Structure formats: C-alpha cells, structure tokens
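Read the structure below first, then the notes.
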Amino acid sequence: MKKLTFSALILCGLFITAKTNGQSSGEVIPAAEEEQSTAATFVAYSEANSNIIRIRWQTSNENNVDHFVLEHSLDNIHFGPLHEVVAKGGTGDVSYEDEDGYPAGQTNYYRLVTVSKDGNSFYSAVVPVNMTGKKMPFINPTVLHMGETLRIDPYYREPVMVNIFNQSGMRVAGYMVNSSSFNVNTSGWGKGVFFYRISDASHPLIDAGKIMVL
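For the sequence shown, the working numbering assigns the number 233 to the last residue and increments by one with no breaks.
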C-alpha cells in the first residue's frame, strides 16, 4: 500500500481544522440548509515520491447539484478553475477523484465549488498542499555542445511545451515533449546563451532557465 500524506479534511457546513506539515484548512462559506448535506468531504494530498496531487471528495445528496469546479491558487487569494466535473446525481453517497499532475508551486491551494441547478455556488474551505522537497520539471544539462541531447527531469506523464529563446528574446525553437528525453538540433542556433521556458496546457510557466551552447 502506498504511503499517502494527507493535507486536510473538510466537512462541509462545519468548520474544522486539520493540520499536516504545519498546514491548516480555512473556513467553509456556509450554504443554505438544503445544500449542506451535498458535499461530505473534500481532501487533497501529495503522494510519497510523486509530484502528483490527488484530490478526492464525496457527496451524500446531489439532487440539486449540476456540477463541480475544482479551483487552484498559488497565493490563496486568486483562484482559477482547474477542472470541471459533472455531478452524477442521486441521493446516495457518491465519490469523485481528480488530480493535479503539474503543481505549479511549492504550496498549492485548492477549493471545491459546488454549482447547483438554480445557478447558486457554494465554496468549500481552502485546502493547502505543501510540495516542499518535490521537484518541478527542468532541463538537463544546461551546458552542451551543438546537437547533444537534452532531458526533462523528473519524468511527467503529460506532454510539456519547451520554448527556446535567444538573448534578444526571439524564439528560436519549440518542442512538444512526450518523454523524459528529446533530441535537440542546435546547429542553427549558433554558440552562446539561450533561455528556455517549460509550460503545459494548464500551467503557462512550470520552469525557466538558461542553456549554454558550446
């Protein structure tokens, strides 16, 4: 069984504090009486030896629920949608599982928005997940000869986009990378210092740095 590090556990309609690695949950924005039984739990945690954040929640009554929006933030102030999940419906217990495969910061904040069929929205408490010690993807090596192979470490399951710029800020190359290594033909670049940016469909900036071509 994999060792899981839980960051927080939230009971909707109540305010509790659950601490893991010095993190604590926030206050639930109260919903109407008939909505408080909708979301029973909302949990986010990082797996041991993995950069992936697992997100789970369970409901007990979805008669008036249309969908859920999982939101992400790096500063616990500005939140943006990460994924949208259509409600399964019904009055029994229903479980959901999602993930953030590319956490964009050392501390990531998540909250669940429950959107009812009448258009009202209800927010869960904010759940922080500390990624200290986890590595974000980066390019290796950063000093190479023309035509040598670059790597993306550590390996990620989803494709990333690597853009290369010269010192004037002009984009000289772009690569969609689906594996941990890729061949780079630097013969047309010339020698000197170049800059790279790594991004994906969900995160405009995962990592940035410079490469020296000899």
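No residue lacks a Cβ here, since even glycine has one placed at the ideal position from N, Cα and C.
These numbers come from a predicted model, not from an experiment.
Of Met-231, Val-212, Lys-107, the smallest CA-CA separation from Ser-135 is found for Lys-107. Taking a C-beta distance under 8 Å as the contact criterion, Ala-63 and Tyr-129 qualify as a contact pair. The C-alpha of Asp-85 is placed about 36 Å away from the C-alpha of Val-196. At the C-beta level, Phe-98 and Trp-76 stay beyond 8 Å of one another. With respect to the C-alpha of Val-105, the residue from Thr-161, Ile-230, Tyr-115 having the closest C-alpha is Tyr-115.
The Cβ atoms of Asp-112 and Ile-74 do not sit closer than 8 Å to each other. Here Pro-160 is exposed, its C-beta having fewer than 16 other C-beta atoms within 10 Å. DSSP places Val-105 in the strand class (E or B) of the three-state scheme. Taken atom to atom, the span from the alpha-carbon of Ser-65 to that of Thr-126 is near 11 Å.
Apart from the 5 residues on each side of it in sequence, Phe-184 sits with its Cβ closer than 6 Å to the Cβ of Arg-190, Phe-214 in its chain, given in chain order. Contact check for Ile-225 against Tyr-121 passes: the beta carbons are separated by less than 8 Å.
DSSP places Trp-76 in the strand class (E or B) of the three-state scheme.
Contact between Val-179 and Asp-219 holds, with the beta-carbon distance rounding to 5 Å and staying under 8 Å. Bounds of the beta strand (DSSP E) holding Gly-211 are 211-218.
In summary, Leu-131 is buried, with 16 or more beta-carbon neighbours lying within 10 Å of its beta-carbon over all protein chains present.
For Phe-141 and Gly-109, the gap between their C-alpha atoms comes out near 18 Å. Secondary structure at Ser-143: coil, using DSSP grouped into helix, strand and coil. Sixteen is the threshold: when 16 or more other Cβ atoms of the shown chains lie within 10 Å of the Cβ of Pro-147, as they do, the residue is buried. The beta carbon of Gly-124 is closer than 6 Å to those of Leu-93 in its chain, skipping five residues each way along the sequence. Residue pairing by DSSP places Lys-229 opposite Phe-214 in a beta bridge. Rounded to the nearest angstrom, the gap between the Cα atoms of Glu-103 and Glu-90 is 9 Å. Secondary structure note for Glu-116: its beta strand (DSSP E) is the uninterrupted segment 113-119.
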